[in-house]
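Encoded as structure tokens, the structure appears first; notes follow it.
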């Protein structure tokens, strides 16, 4: 598969309702099939008129914005960063009943933050400090240490030389349907669904990249993302009920190798139909407090979050 223009929106590595009750189904539909899809379409629209950029990978496009044409620089930062950041976010979560351990990352967290509780508290503090929209990141600094940083809007840590381990979207569209403006509660929800196996893999890739300077920034690939499966135990929780990584390896996790069959437009990984994401003119059911209805959301055509065909380009995230 190519890893450059035209990009497509990769499917979620789990069903839309897999992260319930922490991340609700309707939010997952809208966040992945509307918000991320819009970023993909806008990025492709920009690149269509710039053939000199069409062979660049997504990390290459956004890691050195000073090399981009000035007239599209900010747009690529916005939409290219939006694609990159959201894929990291979605693939950085997993079913809350299928926790995975982090053999490499765990001791690094202890070394850098003292305890897992202190790590959680610092991450939460940084996430709450973001004014407006942005992301909070666990990153590896150029010297190999772990840091927690924030970026505004769709900016990426890549531009500052950091290597990403995990990222939390704190735009309100990520949590407003259920948590309204309670970002603190959403942050705790997210810690219940963090994909520690993915974070552990990215951390090791970051360390390897530092030891072998010049390698591309690591990103999770669809093939790397563990699928929720039976027989795996939740990670132990701290006194604040926030799941944390364990030190012992789990039973061999299943890995995503793509759906067994292509998914039809407007359906999710589990085959559930997404409300209000069909042909133009379709509307989504009202959402909000009990008894209240919200205006229908106009449809935006078939969802591109389905299994890609051989003649399509997917976003290689490594």
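In this note's numbering, the protein residues as written are 90 to 407.
All C-beta atoms, glycine included, are put in the ideal place defined by N, C-alpha and C.
What you are looking at is a predicted structure, and each value in this text was computed from that prediction instead of being measured.
- In this structure the stretch 264-279 lies against the stretch 108-116, because at least three pairs of beta carbons, one per stretch, are closer than 8 Å.
- In this structure, residue 239 lies near residue 219, with their beta-carbon atoms less than 9 Å apart.
- Residue 231 places its beta carbon less than 9 Å from that of residue 299.
- Distances from the CA of residue 184 to each of 108, 251, 139 and 130 were compared; the closest alpha carbon is that of 108.
- For the stretch 103-149, the full-length alpha helix (DSSP H) segments reaching 4 residues or more read 114-119 and 126-137 along the chain.
- Membership of residue 236 in the beta strand (DSSP E) is indicated by the continuous run 235-241.
- In this structure, the CA atom of residue 134 is about 18 Å from the CA atom of residue 154.
- The beta-carbon separation of residue 172 and residue 235, rounded to 25 Å, does not stay under the 8 Å limit for a contact.
- For the pair residue 256 and residue 288, the Cα-to-Cα distance works out to about 9 Å.
- In the three-state reduction of the DSSP assignment, residue 216 falls in the helix class.
- For the set 226, 193, 279 and 222, the Cα lying nearest the Cα of residue 297 is the one of 193.
- Under DSSP, residue 225 shares a beta bridge with 239 and 257.
- Here residue 284 is actually not in contact with residue 146; their C-beta atoms are around 23 Å apart, not less than 8 Å.
- In the same chain as residue 117, and ignoring 5 residues on each side of it, the C-beta atoms closer than 6 Å to its own belong to 105, in chain order.
- When DSSP states are grouped into helix, strand and coil, residue 283 belongs to the strand group.
- Taking each of 228, 245 and 137 in turn and checking the Cα distance to residue 237, the smallest one comes out for 228.
- Counted as a single uninterrupted DSSP element, the alpha helix (DSSP H) harbouring residue 200 occupies residues 194-202.
- Within the DSSP secondary-structure output, residue 252 pairs in a beta bridge with 229.
- The Cβ atoms of residue 130 and residue 142 lie no closer than 9 Å to each other.
- Shortest Cα-Cα distance from residue 124 to any of 225, 174, 226 and 138 involves 174.
- For residue 171, the enclosing alpha helix (DSSP H) begins and ends at 159-180.
- At a Cβ-Cβ threshold of 9 Å, residue 181 and residue 245 do not count as neighbours.
- From the listed residues 207, 294 and 217, the smallest Cα separation to residue 261 is found for 217.
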